[in-house]
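Going by the working numbering, the sequence shown opens with residue 30, and the numbers climb by one from there. Down below is the structure, laid out as structure tokens.
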Amino acid sequence: MWNKTEPAPADAILGLTEAFKRDIRPEKVNLGVGIYKDETGATPVLAAVKAAEKKLFEAETTKSYMPIAGDATYGIEVQKMILGNTSNRAATLHTPGGTGALRLAGELLNEFGNNTIWVSNPTWANHKNIFKAAGLTVQTYAYYNAETKTLDEQAFFQALENIPTGDAVLLHACCHNPTGVDLNAEQWDRVAALSETKGWTALIDFAYQGFGESIEADRKSVETFLETGSDFLVASSFSKNFGLYRERTGALTAIAATPEAAQIAGSHMKKHARVMHSNPPAHGGLIVTTLLSDPELSNLWKNELNAMRERIARMRNELAHGLTSRGIAMDSSFITQQNGMFSFSGLNKRQVDFLREEKAIYIVGSGRINIAGLTPSNMNAICDGIAEAVNLQTTT
Ligand code: LMR
30 MWNKTEPAPA
40 DAILGLTEAF
50 KRDIRPEKVN
60 LGVGIYKDET
70 GATPVLAAVK
80 AAEKKLFEAE
90 TTKSYMPIAG
100 DATYGIEVQK
110 MILGNTSNRA
120 ATLHTPGGTG
130 ALRLAGELLN
140 EFGNNTIWVS
150 NPTWANHKNI
160 FKAAGLTVQT
170 YAYYNAETKT
180 LDEQAFFQAL
190 ENIPTGDAVL
200 LHACCHNPTG
210 VDLNAEQWDR
220 VAALSETKGW
230 TALIDFAYQG
240 FGESIEADRK
250 SVETFLETGS
260 DFLVASSFSK
270 NFGLYRERTG
280 ALTAIAATPE
290 AAQIAGSHMK
300 KHARVMHSNP
310 PAHGGLIVTT
320 LLSDPELSNL
330 WKNELNAMRE
340 RIARMRNELA
350 HGLTSRGIAM
360 DSSFITQQNG
370 MFSFSGLNKR
380 QVDFLREEKA
390 IYIVGSGRIN
400 IAGLTPSNMN
410 AICDGIAEAV
420 NLQTTT
């Protein structure tokens, strides 16, 4: 059976962490994988999560299976978070992380005849593989203008106009991964209207709620689609906003035109979940439910989330300032205009390799930098390294 001579390629993001762990240089810094780090470079368990875990530990009476769709209260809390309220047009299923939600969405799209999905160019490195594994054909639509480091608005809307009826379109709700370039309210209105008139189905990837502006402001995209009355899907991840990375806590919400259609969609979600993972890993979901149904813990969590967002914004400013003051041959103002955890730096493969090999600074091959990995103590070395990498390119 084991007749392949080549190993599978390392994962573009998690494979980098493996290489980072093998690196013995003490100054090494991992700005690859999207994980929040505090001022000291640690990824702590949030205090609200710890408190919810304590409550859970005391109240938990069984390790019996979860329902296929997860705990009903979890579904209610997820809907309140992503839609602003519960909706009888929505069915939510607790999935193993955002990746599990996207894969389940892929299975549903395939079953319901949306066999081609369009993803932005560029997009999260795992999107294409997830949808291909679910049997979908993957196409890309124009999104990012590498020259201006902003949305290529004209090409983007032109592409959405041309997407055939019955296809699916993956959209990033906020904090676009990897570019950090988001749509404004008026652009979301246009996108939602196009979905309706052109008859394609939106799948909204919502992995960074609260990292853009706030929990409420970041759901503008979802609210806009909800108002149209169209069918769509939302894949949620609670890895970043609750810091639950390893607990694999996410959800898929199917929104239909009527409550009856939503119930039927929910039953098909359960059917697919049953053959993929049977029922969800309980712990992360129970933490989210316990936390969100307790007003005090909810407040504590919101404050912690705000602090994470504000620290990232400070690091963005310091990086832009640090690069500008080193006089690099690149306008760094785009860094402060991007949203969320990442900055799409525009560094090319040679510069990325230089940073890893010569400076022990790990960033994703696409040039994506995890701003949340910057700290006051690594900032100078990182600015020096990037400045050297950029000048290397312009002087050779
Ligand atoms: C990332 O983009 O770095 C994160 O979403 C982590 C992952 O699974 O790739």
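Virtual Cβ for every residue (Gly too), placed ideally from N, Cα, C.
Exercise. Measure the C-alpha to C-alpha separation of residue 223 and residue 366 and round it to an integer number of angstroms.
Key: 26 Å
Exercise. Spell out a yes or no on whether the segment 224–243 and the segment 325–340 are touching, meaning 3 or more CB-CB pairs, one atom from each, closer than 8 Å.
Key: yes
Practice problem: Provide the residue(s) that pair with residue 263 in DSSP beta bridges, ordered along the chain. | Solution: 233, 282
Quiz item: Do residue 45 and residue 402 come within 7 Å of each other at the CB atom, strictly closer than that value?
Solution: no
Quiz item: What is the rounded straight-line gap between the Cα of residue 221 and the Cα of residue 271?
Solution: 28 Å
Exercise. Compute the distance between the beta-carbons of residue 118 and residue 294, then report whether it is under 7 Å.
Key: no
Quiz item: Where do the ends of the beta strand (DSSP E) carrying residue 324 lie?
Solution: No beta strand (DSSP E) contains residue 324, which is instead part of the alpha helix (DSSP H) from 324–354.
Quiz item: Within this structure, are the beta carbons of residue 147 and residue 168 separated by less than 7 Å?
Solution: yes
Quiz item: Quick one: any contact between the segment 254–272 and the segment 97–104, if contact means 3 or more CB pairs under 8 Å?
Solution: no
Exercise. Give every residue of the same chain whose Cβ lies closer than 7 Å to the Cβ of residue 71, excluding the five residues on either side of it in the sequence, and list them in chain order.
Key: none
Quiz item: Just to confirm, are residue 370 and residue 63 a CB contact at a threshold of 7 Å?
Solution: yes
Quiz item: Do you know offhand how far residue 298's Cα is from residue 48's?
Solution: 37 Å
Quiz item: Looking only at DSSP bridge pairs, what is residue 391 linked to?
Solution: 59
Quiz item: Okay, do the segment 345–355 and the segment 183–191 touch, 3+ Cβ pairs below 8 Å being the bar?
Solution: no
Exercise. Look at the Cβ atom of residue 358, then the Cβ atom of residue 383, and state whether they are nearer than 7 Å.
Key: no
Self-check item: Cβ contact (3+ pairs, closer than 8 Å) linking the segment 75–90 and the segment 323–335
Solution: yes
Exercise. Assign residue 236 to one of two classes, buried (16 or more other C-beta atoms within 10 Å of its C-beta) or exposed (fewer than that).
Key: buried
Self-check item: Identified DSSP bridge partners for residue 124
Solution: 279
Quiz item: Does the beta-carbon of residue 211 have 16 or more other beta-carbons within 10 angstroms, so that it is buried, or is it exposed?
Solution: buried
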